[in-house]
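These notes are about the structure you will find just below.
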Ligand SMILES: Cc1cc2nc3c(=O)[nH]c(=O)nc-3n(C[C@H](O)[C@H](O)[C@H](O)COP(=O)(O)OP(=O)(O)OC[C@H]3O[C@@H](n4cnc5c(N)ncnc54)[C@H](O)[C@@H]3O)c2cc1C
């Protein structure tokens, strides 16, 4: 059976104490009032947890991903809404940028992910592409020094408060995963609209929203990974 080593057990103990002290008391409040737990996001940043698995050269702690997972488990144990915020902040786009981004992109975005200034969402799912995400049809068309996005995403966690979205799209006619690439779209980019939060049965403090792209011109500097044409 898999067992954590003593160092990780001790990390879990500290994370559990922190989560109980910081997040338990208002856990029901965020859900009942459907309020995004901004103060908890700020606290996670202040405590250095948003940068837990980000490399040190970009302001993080460079901890292994298993520590991020343990932290998420302990937060989710007491407050699901804060865990949703932490999941996107710790495990999501910032990790993708740390692994796949170029040096300029890492310097540009990661310190803000650590401080909580940059709030990223993830745009993968579409109305016709859930589990079968390779069915996605949102298109990314290179056009000189821009990439033009057209399409629709759904279920984007915290998309209504996000400053940036890591969007996955299809580059051309290549079917399957090889045709899919990813790029960062900043809030306020012309042609990018954020839909209204949808109703939920739980985790109601952190909504999922639709994202709409209508000839949205994204600078090529924001390209993380191109799909095959
Ligand atoms: C709380 C929450 C947050 C989310 N946040 C994000 C986000 O930030 N960004 C984002 O892009 N997406 C997000 N999603 C979307 C999530 O990734 C999708 O819900 C997921 O991919 C499943 O897609 P679907 O809901 O369309 O279900 P479907 O794919 O329609 O699946 C419905 C059911 O059919 C089953 N099923 C599907 N295909 C098969 C098959 N081939 N064989 C047998 N059974 C099958 C599934 O197991 C499931 O039980 C979020 C979802 C939730 C619930």
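Residue numbers (this note's numbering): 2 to 230. In this text, a Cβ means the ideal position worked out from N, Cα and C, and glycines have one as well. Quick caveat, the model's predicted, so the values are computed rather than measured.
Report buried or exposed for residue i, applying the criterion of at least 16 other Cβ atoms within 10 angstroms of its Cβ.
i	result
residue 3	exposed
residue 175	exposed
residue 150	buried
residue 48	exposed
residue 136	exposed
residue 29	exposed
residue 25	exposed
residue 127	buried
residue 221	exposed
residue 216	exposed
residue 124	buried
residue 32	buried
residue 111	buried
residue 71	buried
residue 138	exposed
How long is the line joining the alpha carbons of residue i and residue j, rounded to whole angstroms?
i	j	result
residue 94	residue 121	6 Å
residue 198	residue 68	31 Å
residue 225	residue 107	10 Å
residue 134	residue 180	12 Å
residue 80	residue 12	19 Å
residue 214	residue 193	5 Å
residue 228	residue 109	23 Å
residue 53	residue 22	19 Å
residue 130	residue 46	33 Å
residue 196	residue 115	27 Å
residue 185	residue 152	15 Å
residue 65	residue 200	35 Å
residue 41	residue 7	28 Å
residue 141	residue 51	30 Å
residue 204	residue 86	10 Å
residue 190	residue 171	19 Å
What did DSSP end up calling residue i once you bin it into helix, strand or coil?
i	result
residue 1	For residue 1 there is no data in the structure shown, the boundaries of the chain being 2 and 230.
residue 182	strand
residue 22	helix
residue 125	coil
residue 169	strand
residue 77	helix
residue 164	coil
residue 68	helix
residue 100	helix
residue 143	strand
residue 12	helix
residue 153	strand
residue 55	coil
residue 115	helix
residue 218	strand
residue 195	strand
residue 35	coil
residue 158	strand
residue 137	coil
residue 210	strand
residue 85	helix
(request) Taking 8 Å as the threshold, find out whether the region 95-103 comes into contact with the region 74-81 through three or more Cβ pairs. (result) Not touching, per the Cβ criterion.
(message) For the structure I just gave you, are there three or more beta carbon pairs, one from the region 206-215 and one from the region 152-162, closer than 8 Å?
(response) Yes, they touch.
(message) Does the region 81-93 come into contact with the region 34-48, if we say contact requires no fewer than three beta-carbon pairs (one atom in each stretch) closer than 8 Å?
(response) As far as the Cβ criterion goes, the region 81-93 touches the region 34-48, which means the pair count is three or higher.
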